C-alpha cells in the first residue's frame, strides 16, 4: 500500500458540461491528470457576495500526482470562467497498487499501459 501521499484527488465545479469537458480535455492532453470523472448534474448552494446562491453545476474529480498540483492550479486559475474557481486537493492515502502505477504511467510519461479497468468488463 502507498503511504507517501504522492497522489491527489482534486475537485472542481464548472458552470456546465462544455466548460467541464474543455478543462478535462486540456489536463488529459497535457498528461497532468490520469483520469477525470465528470458528474454533470449537481446542485450547489453557497454564499457569494453576501447572497445565498443556488446553481446547477458539473463536478470534476481528477486523479493525479502531488507534483502536478501547482500547474493544475495555474491552468484552472487562467482557464476557469469563475472569479474564484473551486479547487480542493484531497490526499489519496492508499489505493490499489496497479491503479496508482497506472496514474504514474500516465502523468509521469512512463510506458503508458491501458487503463486497468480494460479487460475487466464483461462482453455481452
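In this note's numbering, the protein residues as written are 1 to 124. Note that the Cβ used here is the ideal one computed from N, Cα and C, for glycine as well. Just so it is clear, the structure is predicted and the values come from calculations on it, not from any experiment.
#1: Kindly indicate the opening and closing residues of the alpha helix (DSSP H) around residue 108.
#2: With residue 71 as the anchor, note down where its alpha helix (DSSP H) starts and where it stops.
#3: When we look at the beta-carbon of residue 7 and count the other beta-carbons within 10 Å, is it buried (16 or more) or exposed?
#4: For residue 62, collect the residues of the same chain with a Cβ closer than 6 Å to its Cβ; drop the 5 residues on either side in sequence, then sort them by chain order.
#5: Given a cut-off of 9 Å on the beta-carbon distance, is the pair residue 100 and residue 88 in contact?
#6: Around the Cβ of residue 98, are there at least 16 other Cβ atoms within 10 angstroms (buried) or fewer (exposed)?
#7: Given a cut-off of 9 Å, decide if residue 58 and residue 72 are closer than it, judged by their beta-carbon atoms.
Per the coordinate set shown:
#1: No alpha helix (DSSP H) contains residue 108, which DSSP labels as neither H nor E.
#2: 69-79
#3: buried
#4: 10, 33 and 36
#5: no
#6: exposed
#7: no
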